[in-house]
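Below: one structure, written as structure tokens.
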Amino acid sequence: MKIASRTLIRVAVPAALAGLAMPLALASPAAAVAGSGINRWGSYVAYNAASGFSNTVTVTAPGGVLTVTDTAGIAVGFGCIQVNATTATCGLAAGVSNFTANLGDRDDSFTDSLPAPTFRVVLNAGSGKDTVTTGGANDVVSVGDGFADTVNCDGGTGDIANGDALDTFVGCELHNP
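The numbering of the sequence shown is the working numbering, which starts it at 74 and goes up by one.
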């Protein structure tokens with residue numbers, strides 16, 4: 074009996090370990106790295122692009138639900154739900170007062186498609202030739218990185234855009250330079 078149980082252990086333990094390791098081996102090469110991440114804490118939403126990605130971000134609210142899409146992929150954190158690899162929802166848009174976005178190190182695009190004024194966007198475009206369109210609700214946009222960025226504050230009041238001489242500003246109440 075002891076011989077049979079030892080043989081069983083010798084065969085079963087390696088097989089079990091191989092079975093546990095197999096999903097890890099299969100999942101690792103296929104696991105994609107998202108180009109950004111998003112979180113929501115109460116009325117505050119934070120979007121952060123990952124380094125090395127060119128992000129195209131669109132903020133909408135179909136049916137009143139805050140929806141963020143990034144063609145480079147988006148990973149969700151606290152307060153948001155993954156819809157698919159490129160889209161996340163983060164509760165009702167009406168409950169958001171501040172949306173912070175950091176676009177990162179490539180040529181990026183950010184479009185807030187919500188009617189003005191919905192919430193304040195505070196955006197740092199990072200480096201690269203970026204295109205930014207906000208919803209016009211006392212937004213603050215920083216693009217001064219030596220590249221020819223384009224910022225459209227889409228009207229509203231109290232929008233501030235900071236950049237350099239290469240940048241183009243449209244509809245921003247105050248911009249530097």
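Note that beta-carbon positions come from the ideal geometry of N, C-alpha and C, so glycine has one too. Predicted, not measured: the structure shown is a model, and the values here were computed from it.
For residue i versus residue j, is the C-beta spacing smaller than 9 Å?
i, j, result
"VAL130", "ALA158", "no"
"VAL205", "LEU165", "no"
"LEU196", "ASP218", "no"
"THR223", "VAL194", "no"
"GLY177", "GLY136", "no"
"ALA234", "CYS245", "yes"
"ASN225", "GLY236", "no"
"THR133", "LEU187", "yes"
"PRO190", "THR230", "yes"
"ALA123", "VAL106", "yes"
"PHE192", "ALA210", "yes"
DSSP three-state call for residue i: helix, strand or coil?
i, result
"ALA119", "strand"
"ALA148", "strand"
"GLY136", "helix"
"GLY164", "strand"
"GLY231", "coil"
"THR159", "coil"
"ALA189", "coil"
"ALA98", "Confidence is the limiting factor: at ALA98 the pLDDT is only 35, short of 50, which leaves the residue's position unreliable, though a coordinate-based value still follows. Reduced to three states, the DSSP call for ALA98 is helix."
"SER182", "strand"
"VAL205", "strand"
"VAL106", "coil"
"ASP237", "coil"
I think residue i touches residue j, with their Cβ atoms under 8 Å apart; what is that distance to the nearest whole Å?
i, j, result
"GLY201", "ASP180", "4 Å"
"SER109", "TYR120", "6 Å"
"ASP240", "VAL216", "5 Å"
"PHE172", "ASN112", "Contact flag wrong, Cβ pair sits at about 11 Å."
"VAL214", "VAL169", "Not quite, the Cβ-Cβ distance comes to about 17 Å (not below 8 Å), so this is no contact."
"ILE154", "THR144", "Going by Cβ atoms, the distance from ILE154 to THR144 rounds to 19 Å, so no, they are not a contact pair."
Just to confirm the assignment, what range does the beta strand (DSSP E) spanning residue i have?
i, result
"ARG113", "109-114"
"SER127", "Counting along the chain, SER127 falls outside any beta strand (DSSP E), and DSSP gives it neither H nor E."
"LEU247", "247-249"
"ASP212", "Where ASP212 is concerned, there is no enclosing beta strand (DSSP E), given that its DSSP letter is neither H nor E."
"ARG193", "193-197"
"VAL243", "241-243"
"PHE172", "171-175"
"VAL224", "223-225"
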